[in-house]
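A short write-up of the structure that comes next.
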Amino acid sequence: MNDQVNKPPTIRATHLTNNNITGSASQKLCLFKLMSFIFHDVIDQLTNTLDIYTCLREIISYTYSIKFRKSWLMYFQSLTIRFQSLMAHHLPDLIIPKIHFVTEYLRTINANGPATRFWCMRFEDDKNNCGYYVPIERSIQNLLNKPDVINYLINNVNNNISQTKNDPDLMLTYRDGTAAKDNPSLKLHSNSFLIQFYSDGIGITNPLGPKKDKHKLTLYYFLLEDLPDFVKSMLQSIGIVGICPTKFLSIQTNRMKFFEPIIKDLNHLQTTGLVVQTFSGQLHFAFSLFAADNLASHEIGGFQQNFNSGQFCRLCHISYKFRLIPLTEISFLPRTVTTHDAYIRQAVNLFNTRPVAGVVGESPLSRLIAFHAIKSLPDDLMHDYAEGINKNFVFI
Numbered sequence: 017m018n019d020q021v022n023k024p025p026t027i028r029a030t031h032l033t034n035n036n037i038t039g040s041a042s043q044k045l046c047l048f049k050l051m052s053f054i055f056h057d058v059i060d061q062l063t064n065t066l067d068i069y070t071c072l073r074e075i076i077s078y079t080y081s082i083k084f085r086k087s088w089l090m091y092f093q094s095l096t097i098r099f100q101s102l103m104a105h106h107l108p109d110l111i112i113p114k115i116h117f118v119t120e121y122l123r124t125i126n127a128n129g130p131a132t133r134f135w136c137m138r139f140e141d142d143k144n145n146c147g148y149y150v151p152i153e154r155s156i157q158n159l160l161n162k163p164d165v166i167n168y169l170i171n172n173v174n175n176n177i178s179q180t181k182n183d184p185d186l187m188l189t190y191r192d193g194t195a196a197k198d199n200p201s202l203k204l205h206s207n208s209f210l211i212q213f214y215s216d217g218i219g220i221t222n223p224l225g226p227k228k229d230k231h232k233l234t235l236y237y238f239l240l241e242d243l244p245d246f247v248k249s250m251l252q253s254i255g256i257v258g259i260c261p262t263k264f265l266s267i268q269t270n271r272m273k274f275f276e277p278i279i280k281d282l283n284h285l286q287t288t289g290l291v292v293q294t295f296s297g298q299l300h301f302a303f304s305l306f307a308a309d310n311l312a313s314h315e316i317g318g319f320q321q322n323f324n325s326g327q328f329c330r331l332c333h334i335s336y337k338f339r340l341i342p343l344t345e346i347s348f349l350p351r352t353v354t355t356h357d358a359y360i361r362q363a364v365n366l367f368n369t370r371p372v373a374g375v376v377g378e379s380p381l382s383r384l385i386a387f388h389a390i391k392s393l394p395d396d397l398m399h400d401y402a403e404g405i406n407k408n409f410v411f412i
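Residues 17 to 412 (our numbering) are what the sequence shown spells out, left to right.
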């Protein structure tokens, strides 16, 4: 391998006995996809597990598609149900919450467009803790004042709209999903540019020992979703919104305080718009999604952060004790805006001491225009696949 910097760690026998393979998420995903070539001499000896592997391979090929067709959705749903049922029948000991999350991808893609547009592989108090906020309006203004950026945005939006008009079955962006039809900012100005948020945590000290999270930071980023892919792949296109000690954000009142200026500025952008030097007119914006790993999404959404009990899914009402039952034999009600808001009121009345149907309280982004906890926090494909499900197949 010539790329020594990105060369993955060597897989050793000890990794297979302690169920832990070192490497990045992308390296593990690559290993999973190449397993049939690496183990070609014994692949035919697999029985039930081969069916599970091939089913998951097909699911991944759909979810990682840059373009997605609406006519694929029903078959895609049958694949996810088959995968969950095969796991429940043949490998029940390996059923983890992320197995169920795969079955929710149909709803996420149908609402928000191709999953590759929002997956996570990119991207002061009385104790003197403090967080930093970078004004998003100023950041977007600086970005759009650069030569050609406005043209990239407009041309890419028009190109995508033209393609989907010629082929209504095609899904290219968030605009092609059902969620866009209910987005209040897009209803007001259909030509609004989409703003997507990302969240990630970093450790700034040597990650060894029990205190590895002591100095952990949580960072929030934004991306103009309508930029063409070759521009979005550049680090310069991703803007930082805020940075704060993770332990500070673990307290609900602190989260509310930290997000207050962010919500204020983003709502102002969605209602008033922006004027820049490179465009003669008012530019409009719409919030689309908040992409994060499952734990961060549950924290932002006001859901329980324990995936080993109760109603652990933010999209439906599955209970942990029923996770092993094949979906060919049982179904679970999806969460709705009305019932979720009712659960929040119940949780608040209980002083947020225990979850109500998996809900522990109000989202710190609840006052952000176009945001709702059950609509704006899509599934976390990267961690579900690369760090959850795929890893298990190496040890089967």
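In this text, a Cβ means the ideal position worked out from N, Cα and C, and glycines have one as well.
What is the DSSP secondary structure of residue i, counted as helix, strand or coil?
i, result
"Pro130", "coil"
"Asp216", "strand"
"Leu299", "strand"
"Met398", "helix"
"Lys162", "coil"
"Met187", "strand"
"Met137", "Only weak support exists for where Met137 lies, its pLDDT of 46 falling under 50; the coordinates are left without a value."
"Tyr69", "helix"
"Asn36", "coil"
"Leu233", "strand"
"Cys46", "helix"
"Pro15", "Residue 15 lies beyond the range of the chain shown here (17 to 412); nothing can be said about it."
"Pro342", "coil"
"Leu290", "strand"
"Phe387", "coil"
"Ser382", "coil"
Output the distance between the C-alpha atoms of residue i and residue j, rounded to the nearest integer angstrom.
i, j, result
"Phe323", "Ser215", "19 Å"
"Leu235", "Ile37", "27 Å"
"Ser249", "Asn365", "45 Å"
"Ile362", "Thr180", "Here the sequence assigns Gln to residue 362, which means Ile is not the residue at that position. Each residue's Cα considered, the two are about 43 Å apart."
"Asn64", "His106", "7 Å"
"Pro342", "His356", "26 Å"
"Val173", "Asp242", "6 Å"
"Lys273", "Glu315", "15 Å"
"Ile346", "Cys71", "20 Å"
"Ala389", "Tyr69", "32 Å"
"Phe84", "Asn171", "21 Å"
"Pro113", "Phe99", "14 Å"
"Phe238", "Phe53", "39 Å"
"Ser201", "Phe246", "26 Å"
"Ile76", "Phe48", "11 Å"
"Leu340", "Arg351", "20 Å"
"Ala104", "Ser335", "15 Å"
"Arg154", "Leu240", "14 Å"
"Val291", "Phe92", "43 Å"
"Thr354", "Gly297", "38 Å"
"Phe275", "Ser87", "39 Å"
"Ile152", "Leu50", "41 Å"
"Ile211", "Ala358", "28 Å"
By Cβ distance, which residues of its chain are closer than 8 Å to residue i, with the 5 residues on each side in sequence left out?
i, result
"Leu232", "Note on residue identity: the sequence assigns Lys, not Leu, to residue 232. If we look at Lys232 and ignore the five residues flanking it on each side, its Cβ neighbours are Gly217, Ile218, Gly219, Ile220, Pro261, Thr262, Lys263."
"Thr294", "Leu160, Asn161, Lys162, Pro163, Val165, Ile166"
"Leu89", "Leu122, Ile125, Asn126"
Could you pull the DSSP bridge partners for residue i from this structure?
i, result
"Asp60", "In DSSP, Asp60 forms no bridge with anything."
"Tyr149", "Gly258"
"Leu210", "Ala302"
"Asp319", "According to the sequence shown, residue 319 is Phe rather than Asp. The partner list for Phe319 (beta bridge, DSSP) reads Val375."
"Leu239", "Gln212, Ile254"
"Phe84", "Met187"
"Ala307", "Tyr214"
"Cys332", "Pro350"
Near residue i, what residues of its chain come up, given a Cβ to Cβ distance below 6 Å and the 5 sequence neighbours on each side ignored?
i, result
"Asn368", "Val376, Gly377"
"Asp142", "Confidence is the limiting factor: at Asp142 the pLDDT is only 48, short of 50, which leaves the residue's position unreliable and the question unanswerable from this model."
"Asn270", "Phe264"
"Ile59", "Ser52"
Below 8 Å on the Cβ atoms is my contact criterion, and I expect residue i with residue j to pass it. Report the Cβ-Cβ distance as a whole number of Å.
i, j, result
"Val118", "Asp396", "Wrong, their Cβ atoms sit about 11 Å apart, outside the cutoff."
"Gly374", "Gly326", "6 Å"
"Gly289", "Leu299", "6 Å"
"Glu74", "Leu95", "6 Å"
"Leu45", "Asp67", "At roughly 20 Å, the Cβ-Cβ gap does not stay under 8 Å, so Leu45 and Asp67 are not in contact."
Leaving out five residues before and five after residue i in sequence, what residues of the same chain have Cβ atoms less than 7 Å from its Cβ?
i, result
"Asp183", "none"
"Pro394", "Thr124, Asn128, Phe134, Leu305, Ala307"
"Asn207", "His300"
"Val150", "Ile256, Val257, Gly258"
"Arg383", "Ile279"
"Pro244", "Tyr168, Asn172"
For chain C, is any of its Cβ atoms less than 8 Å away from the one on residue i?
i, result
"Ser266", "Here there is only one protein chain, and chain C is not present."
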